[in-house]
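Peer 1: My structure is below; once you've seen it, I'll send some questions.
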DNA sequence: CAATAATCGCAACATTGTTGCATTTACTTG
DNA sequence: CAAGTAAATGCAACAATGTTGCGATTATTG
C-alpha cells in the first residue's frame, strides 16, 4: 500500500530539482502515507529491511525535504522532532495535538489565532507554534 | 543583587517541605531574578564559582522545583528546556515568545485562546503550549 | 550531638543530532 | 550509451542534553 505513494513522492522530489534517490523517495512515501507526525526513529522502523539508511543520511534527507517545503517539522517536548508531509492542508500555519498518553502527534486543521500577536513594542512577529495536549480517543 | 532573592527562595522551598540546600536556594534565586526563561546551561553559568553543582544535581533540583510548582518548564525547538520561576502571573496557562535571532525566551502575559479547543470526537483537552516566534527589539 | 532520611556527586549510559571526509551514485553531456 | 561530475551517501567521531545506580555527604529532627 506504500507503493501508491512512491510515484507521488518521486514526482514531488523531481519537481524540486533534487535527485530521486531510493532513500528520499522511501522517506517521503512513508510520510505521505502517515496520518500523524512521526519521529526519525519511527521512519527508520517503517523502512523495509532491505533499504535501511544511515542515521545521518536520514537526517540529511529530512532536512532537504523540509527545505524544499515538502514536509514540515514539529517541535515536541521529548526532544525529538516529528515530521509530516505537507499536503495542501498544511501549507499554511496550523496547530498540532499531542496525546499525553501514547505520545502520538496529529495535525489540527486550523490555527484560530490571529497572525498578529500583541508583542512588546519593537518586537517583530514571525510565526506561531501551538501544541494542544490531551488524551486521544484510544487513551481516554 | 541576587541576595535579596535568596531569602524568598529559601522560604518558598521550606514551605514545600523540602530541604533548604545551597543548590536549590541558589537555583531558585537565580530563576526569581531572571526575567526570561533560561536553560540548564545558563543557570550553571550564573551560579557563583564557589558553588558549582553537578549537572545531575542541577537536573534533579529543577525537577523537584517543577514538581512543587515553584518553577515551570518551557519546551523549545533546540532540544533544551528552559525554566522560569512561577510568579502569580504564571500560575495559569500563558504563552511564550522566542526570538529567532538571539534565542531568548520570555513569557507573554495572557493566552487568548479558549481552553476548550475543538478536538476530534473522543479526544480530551488538557492544555495548550503556545510559542510565538519572531525577533526581539534588539534583533530587529 | 547522634540518627536518619533526603540530597549530592561521580561514573556510566542513552538519545538525538551534527561535522568532516572519502566513496558511491544519479543525472547530464557528448 | 559511456564517461564525467556534482550530489548524495556512509562511516567514524563528536557534541549536547538528559537519565540511572549507588555510595558518600548533609540538613533536619529529636
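Protein chains in written order, with full-length UniProt numbering: chain A, 1 to 140; chain B, 1 to 140. For each residue, glycine too, the CB sits at the ideal point set by N, CA and C.
What in chain B is Cβ-close to residue 82 of chain A, meaning under 8 Å?
Peer 2: Simply none; closest approach about 12 Å.
Peer 1: Nearest-angstrom Cα distance between residue 86 of chain B and residue 107 of chain B?
Peer 2: Approximately 11 Å between the Cα atoms of the pair.
Peer 1: Just the Cα atoms here: how many angstroms apart are residue 54 of chain A and residue 97 of chain A?
Peer 2: Cα to Cα, residue 54 of chain A sits roughly 30 Å from residue 97 of chain A.
Peer 1: Please give me, in chain order, every unbroken run of the alpha helix (DSSP H) with length at least 4 that falls completely inside the segment 48 to 130 of chain B.
Peer 2: As far as the segment 48 to 130 of chain B is concerned, its whole alpha helix (DSSP H) runs of at least 4 residues are 55 to 67.
Peer 1: Within this structure, are the beta carbons of residue 31 of chain A and residue 12 of chain A separated by less than 8 Å?
Peer 2: Contact: no.
Peer 1: List, in order along the chain, the chain A residues whose C-beta lies closer than 8 Å to that of residue 128 of chain B?
Peer 2: Here the neighbours are 130, 131, 132, 133.
Peer 1: Between residue 87 of chain A and chain B, is there a C-beta pair that is closer than 8 Å?
Peer 2: Chain B contact via Cβ: absent.
Peer 1: Does DSSP classify residue 144 of chain A as helix, strand or coil?
Peer 2: Lying outside 1 to 140, the shown extent of chain A, residue 144 of chain A is not represented and no answer is given.
Peer 1: Under three-state DSSP, which class holds residue 17 of chain A?
Peer 2: Coil.
Peer 1: If you drop the 5 nearest sequence neighbours on each side, which residues of the same chain put their C-beta closer than 6 Å to that of residue 139 of chain B?
Peer 2: If we look at residue 139 of chain B and ignore the five residues flanking it on each side, its Cβ neighbours are 99, 101, 102.
Peer 1: Just the chain B side, please: which residues come within less than 7 Å of residue 205 of chain A by C-beta, in chain order?
Peer 2: Examination of residue 205 of chain A is not possible in this model, given that chain A is present from 1 through 140 alone.
Peer 1: Between the alpha carbons of residue 109 of chain A and residue 78 of chain B, how many angstroms are there, rounded?
Peer 2: Taking the straight line from one Cα to the other gives about 25 Å.
Peer 1: Assign residue 67 of chain A to buried or exposed, taking buried as 16 or more other Cβ atoms, counted over all protein chains shown, within 10 Å of its Cβ.
Peer 2: Exposed, since its Cβ has fewer than 16 Cβ neighbours within 10 Å.
Peer 1: Could you check where the alpha helix (DSSP H) with residue 22 of chain A kicks off and where it finishes?
Peer 2: Its alpha helix (DSSP H) spans residues 22 to 33.
Peer 1: Residue 100 of chain B versus chain A: which residues are under 8 Å apart at the beta carbon?
Peer 2: What residue 100 of chain B touches in chain A: 126.
Peer 1: Use the C-beta contact count for residue 129 of chain B: other C-beta atoms within 10 angstroms, 16 or more gives buried, fewer gives exposed.
Peer 2: Buried, since its Cβ has 16 or more Cβ neighbours within 10 Å.
Peer 1: Would you decide whether residue 7 of chain B is buried or exposed? Buried here means 16 or more other CB atoms lie within 10 Å of its CB.
Peer 2: Under this definition residue 7 of chain B is an exposed residue.
Peer 1: Contact criterion: CB-CB distance below 8 Å. Does residue 123 of chain B meet it with respect to chain A?
Peer 2: Yes, because at least one Cβ of chain A sits closer than 8 Å to the Cβ of residue 123 of chain B.
Peer 1: Ordered along the chain, which non-local residues of its own chain (more than five positions away) have a Cβ less than 6 Å from that of residue 133 of chain A?
Peer 2: Around residue 133 of chain A: 98, 100.
Peer 1: Anything in the segment 39 to 57 of chain B with a Cβ closer than 7 Å to a Cβ of chain A? List those residues in chain order, please.
Peer 2: Cβ contacts with chain A: none found.
Peer 1: Out of curiosity, what's the CA-to-CA distance linking residue 69 of chain B and residue 52 of chain A?
Peer 2: Each residue's Cα considered, the two are about 44 Å apart.
Peer 1: Answer with buried or exposed for residue 59 of chain B, where buried requires no fewer than 16 other C-beta atoms within 10 angstroms of its C-beta.
Peer 2: So residue 59 of chain B ends up on the exposed side.
Peer 1: So residue 137 of chain B contacts chain A; which residues on that side make the cut at Cβ distance below 8 Å?
Peer 2: Result: 120, 121, 122, 123.
Peer 1: Name, please, each residue of chain A whose Cβ falls closer than 7 Å to the Cβ of residue 79 of chain B.
Peer 2: Per Cβ cutoff of 7 Å: 79.
Peer 1: Buried or exposed: where does residue 56 of chain B fall if 16 or more other Cβ atoms within 10 Å of its Cβ makes it buried?
Peer 2: Label assigned to residue 56 of chain B: exposed.
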